[in-house]
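Encoded as structure tokens, the structure appears first; notes follow it.
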């Protein structure tokens with residue numbers, strides 16, 4: 082190689098469209114961050130703790146600093162391709178279907194000239210296990226940050242398979258610190274499914290509902306004592 086030849090970067094197997102050879106020589110991505118500094122982070126908590134709100138806030142913070150990302154969701158409470166929150170915030174999103182490959186999602190964006198520095202993955206506990214593996218690959222092989230948000234346990238107090246895999250693979254796992262209270266005033270830990278005014282413990286793992294009392298199928302966050310007793314309080 083001659084002295085004036087630009088070095089070739091092999092650190093990123095599939096560079097984004099904005100990458101330049103000179104930029105790679107500095108071992109930095111197109112967003113200015115060091116290559117191989119990406120991370121898979123999982124933020125979890127019970128219903129009503131503000132997971133989707135935090136997801137939208139994180140997307141806003143990163144975009145404000147010039148980073149470019151994609152927002153994905155699966156089975157949002159709105160039943161549409163968007164991330165919605167109970168405090169009224171909303172953002173359009175890409176619906177994660179069984180056949181969607183998150184790696185292809187990023188590659189297709191790059192092929193169209195759209196830079197992707199990060200993914201915001203809301204309702205991640207409803208994703209397939211293959212999607213979680215794809216998240217890890219995007220971080221390790223493509224230097225794309227992935228921020229996943231979701232529940233840890235279902236209405237039976239059992240871990241969602243995708244949440245379990247995120248606990249196993251994520252670089253960091255953090256419980257969202259917004260406190261959710263049981264009707265008794267204790268900390269709410271578990272998501273009870275309520276049908277016809279009673280806590281149910283059998284059925285499909287994923288059933289769409291909300292926390293509103295008027296919902297045909299609703300969910301209520303309870304402390305462990307009252308979850309185990311099936312006690313919904315006086316409401």
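Numbering (the numbering used here), first residue to last: 82 to 316. Cβ coordinates follow ideal geometry from the N, Cα and C atoms, glycine included.
Closest option to residue 306, judged by alpha-carbon separation, among 213, 294, 202 and 262: 262.
Nearest neighbour of residue 310 by Cα position, chosen from 265, 221, 286 and 294, turns out to be 265. Contact check for residue 254 against residue 225 fails: the beta carbons are separated by 8 Å or more. Secondary structure at residue 249: helix, using DSSP grouped into helix, strand and coil.
In the displayed model, residue 187 falls within a helix according to three-state DSSP.
The beta carbons of residue 278 and residue 302 sit about 17 Å from each other, so the pair does not count as a contact at 8 Å. The beta carbons of residue 238 and residue 300 sit no closer together than 8 Å. In this structure, the CA atom of residue 113 is about 13 Å from the CA atom of residue 197. Bounds of the alpha helix (DSSP H) holding residue 137 are 132-145.
Nearest in C-alpha terms to residue 172, of all of 201, 147, 183 and 191, is 201. For residue 259, same chain residues with a beta-carbon under 6 Å away, outside a window of 5 residues either side, are 130 and 131 in chain order. Using a Cβ distance threshold of 8 Å, residue 203 and residue 286 do not count as a contacting pair. Assignment of beta-bridge partners to residue 212 by DSSP yields no partner. C-alpha of residue 120 to C-alpha of residue 214: approximately 13 Å in a straight line.
Counting every other CB atom within 10 Å of its CB across the protein chains shown gives residue 256 a total below 16, marking it as exposed.
Each of 241, 144, 217 and 155 was checked against the Cα of residue 122, and the nearest Cα belongs to 217.
In the DSSP secondary-structure assignment, residue 280 is bridged to 275. Counting along the chain, residue 171 sits inside the beta strand (DSSP E) bounded by residues 171-173. In chain order, 263, 265, 267, 268, 269, 270 and 271 place their CB closer than 8 Å to the CB of residue 304, counting only its own chain and leaving out the 5 sequence neighbours on each side. Around the beta carbon of residue 142, fewer than 16 other beta carbons sit within 10 angstroms, so the residue counts as exposed. Around the beta-carbon of residue 248, fewer than 16 other beta-carbon atoms lie within 10 Å, marking it exposed. Collapsing the DSSP output to three states places residue 167 in coil.
With respect to the C-alpha of residue 290, the residue from 298, 162 and 127 having the closest C-alpha is 298.
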